Amino acid sequence: MPMPLPRFQRLAKTVRAQDPGQGGTDQRIKLTPRIVRSWRSIQRRLLRKLRRAPILGDRLLRRWHIQRYTAAMGELPRLTPPVTYSERLLHRILFDRDPRLKIVSDKLAVRALIRDRVGDALLVPMLGAWARPEDLTWDTLPNSFVLKPNHGSGMVAIVHDAARLERREIEAQMRSWLRLDYFERAYEWGYRKLPRRIMAESLLTGPEGNAPPEVQVMAFHGKAVIMRVLTGKKGRETRHANWFDTEGVELGLKSSDIPVGTYAMAPEMARALADVAGRVASGFSHLRVDFYLTDQGLKIGELTAYHASAIVEWNDPRFNELLGRCWRDPSEAEPSRCRAALRPLRRAPVSSPGVAVVHHAIAES
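The numbering of the sequence shown is our numbering, which starts it at 1 and goes up by one.
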């Protein structure tokens, strides 16, 4: 949501001039599309510099975030103090400058944190990291792998057959990743001035040989509270989501942008995910721990400090309020209290033997 500059915008569209030959009447001179595009580019560069200014920049970004939140959520956020989960996320974006948030936001640096807490086995196998696309050692990579930058989210290239890979095309894509300052996507402090690298990781497969389901576990003060399972390819028509508690019982929570799926989770899988997520997130007031459910067991993909950039559009506000309490008070995140709070928000428990067998195998891997 760009900052409004009404006076400059009017100047960018029209210029008024006095024409003596017409008796002094005003004439409107229309600027060409090229000039307008140039002016808008100048505007964007100016705003970019202003938002990075030591004092003024913080004020501008604070205003931008509050306007964005209000437009999306339909109400002004309470920040002194924040109450709901979404308000606490926004408060973190605006005010929390814990240096560990930069480690969490850096896909390379966070691997050491995960390794220290739960070991190497849960990390996605790493194939290499490079400062420039030209430095990639293509000959050392397997036939299938994944490329991504370390300093952002949502940028990925999946290579299924290296022999058919168009290197020039993929190198151009990687250069565009490295040029991008991901901080400017949503102005979240953890991404600001991160070093930029290209990473190669193993291509993961699920228990059935297809893309592995993804699980996002919400942990507060080292305790997992709820989790979302994402299945299918990214996209409105193919992506689905189901929410569960830490016992594998489905919840009535729905995300506004992702349809509900038919995924079922066995209790032992939910408990294994909750245990690992709690250990990884220990010492943080809140982190989202993202897993892949693979044919090689659980793998941690990344940690997230800014879920949905604070725009949490859920069907039931009670979940937003509950997670806000868990963030504020560690005792609210205790399993016994969470189970009691979530009981009226549950759906029917999982009772599929096939699901239990598959999940038991993954949890034990």
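Note that CB positions come from ideal geometry on N, CA and C, so glycine has one too. This structure is a prediction, so every number in the text was calculated from the model and none was measured.
Would you kindly report the start and end of the unbroken alpha helix (DSSP H) that includes residue i?
i    : result
E321 : P317 to R328
P335 : P335 to L342
R271 : P267 to V280
E171 : R167 to R179
F95  : Y85 to F95
V110 : V110 to V118
Run the CB neighbour count on residue i, radius 10 Å, all protein chains shown included, and call it buried at 16 or more, exposed below.
i    : result
N320 : buried
G283 : exposed
G152 : buried
T84  : buried
R347 : exposed
S38  : exposed
L136 : buried
For residue i and residue j, which I take to be in contact (beta-carbon distance under 8 Å), what is that distance rounded to the nearest angstrom?
i    : j    : result
L204 : Y263 : Between Y263 and L204 the Cβ distance is about 18 Å, and since that is not below 8 Å, they are no contact.
G278 : G222 : 5 Å
L298 : R288 : So it is not a contact: roughly 15 Å between Cβ atoms.
S202 : P125 : 4 Å
D275 : P207 : The pair is not a contact, with the Cβ atoms about 20 Å apart (cut-off 8 Å).
In chain order, what residues of the same chain have a beta carbon less than 7 Å from the beta carbon of residue i, not counting five sequence neighbours either side?
i    : result
A310 : Y69, S86, L89, L90 and I93
A109 : I103
A281 : A219, G222, L287 and V289
L127 : L141, F145, A200, E201 and S202
Starting from residue i, trace the beta strand (DSSP E) both ways and give me its first and last residue.
i    : result
S105 : No beta strand (DSSP E) contains S105, which is instead part of the alpha helix (DSSP H) from R100 to S105.
A308 : First-last for A308: undefined, no H or E at that position.
D290 : L287 to T294
W243 : H240 to D245
I198 : I198 to S202
E302 : G297 to T304
K214 : The sequence shown places Glu at residue 214, rather than the Lys named in the question. Note, E214: beta strand (DSSP E), E214 to F220.
A186 : First-last for A186: F183 to A186, but that is the alpha helix (DSSP H), not the beta strand (DSSP E).
V225 : K223 to T231
A157 : A157 to V159
K148 : F145 to P149
Give every residue of the same chain whose Cβ lies closer than 6 Å to the Cβ of residue i, excluding the five residues on either side of it in the sequence, and list them in chain order.
i    : result
Y191 : S105, Y182 and F183
S255 : A241
Does the beta-carbon of residue i, which I'm using as the reference point, lie nearer than 7 Å to any heavy atom of the ligand ATP?
i    : result
K234 : Although the ligand ATP was asked about, the structure shown includes no ligands whatsoever.
Which residues in the same chain have their Cβ closer than 8 Å to the Cβ of residue i, if we skip the five residues on either side of it in sequence?
i    : result
L387 : Here the chain comprises residues numbered 1 to 365, so residue 387 is not present and cannot be evaluated.
V156 : V146, L147 and K148
A121 : G297
L123 : R111, I114, R115, K299 and I300
For the segment 237–251 against the segment 334–346, do three or more pairs of beta-carbon atoms, one drawn from each stretch, fall closer than 8 Å, so that the two count as touching? Between the segment 237–251 and the segment 334–346, the count of C-beta pairs closer than 8 Å reaches three or more; the two stretches touch.
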